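This report concerns only the one structure given below.
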Amino acid sequence: MTLPAAAYATDAPHAHAAAKAACIKACNECLRACRECIVGCDCPSCEKTCLTCIGTCRACAAACKACRDACRAMRE
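Here the working numbering is used: the first residue of the sequence shown is 14, the next is one more, and so on.
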């Protein structure tokens, strides 16, 4: 027998574990995106101002905001 979804919502340890997992997943994605931002451009004498770099670094910033938000939700 499974518990209804409402029971899971009120189960604090279960909710905390899910929030912690979401935080870890989001932060790993942030790290991956930022690694791509740092090494993702192979343009000659790139100064991180080309559109490739700008695009990947925006993805990094968005992923890191998601990480911050997920981890903030975990602490609440």
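The beta-carbon is built from N, C-alpha and C at its ideal position, and this holds for glycine as well.
Note that this is a predicted model, so its numbers are computed, not measured.
How long is the line joining the alpha carbons of residue 79 and residue 55, rounded to whole angstroms? When rounded, the distance between both Cα atoms is 27 Å.
Could you name the residues of the same chain whose beta carbon sits closer than 7 Å to that of residue 46, not counting the 5 residues immediately before and after it, in chain order? Around residue 46, the same chain offers 72, 73 and 76 as residues with beta carbons nearer than 7 Å, after the five sequence neighbours per side are excluded.
Where residue 88 sits in the DSSP three-state scheme: Helix.
Is it right to say residue 59 is buried, meaning 16 or more other beta carbons lie within 10 angstroms of its own, or is it exposed? Label assigned to residue 59: exposed.
For residue 49, tell me which candidate among 66, 87 and 82 has the shortest Cα-Cα distance. With respect to the C-alpha of residue 49, the residue from 66, 87 and 82 having the closest C-alpha is 66.
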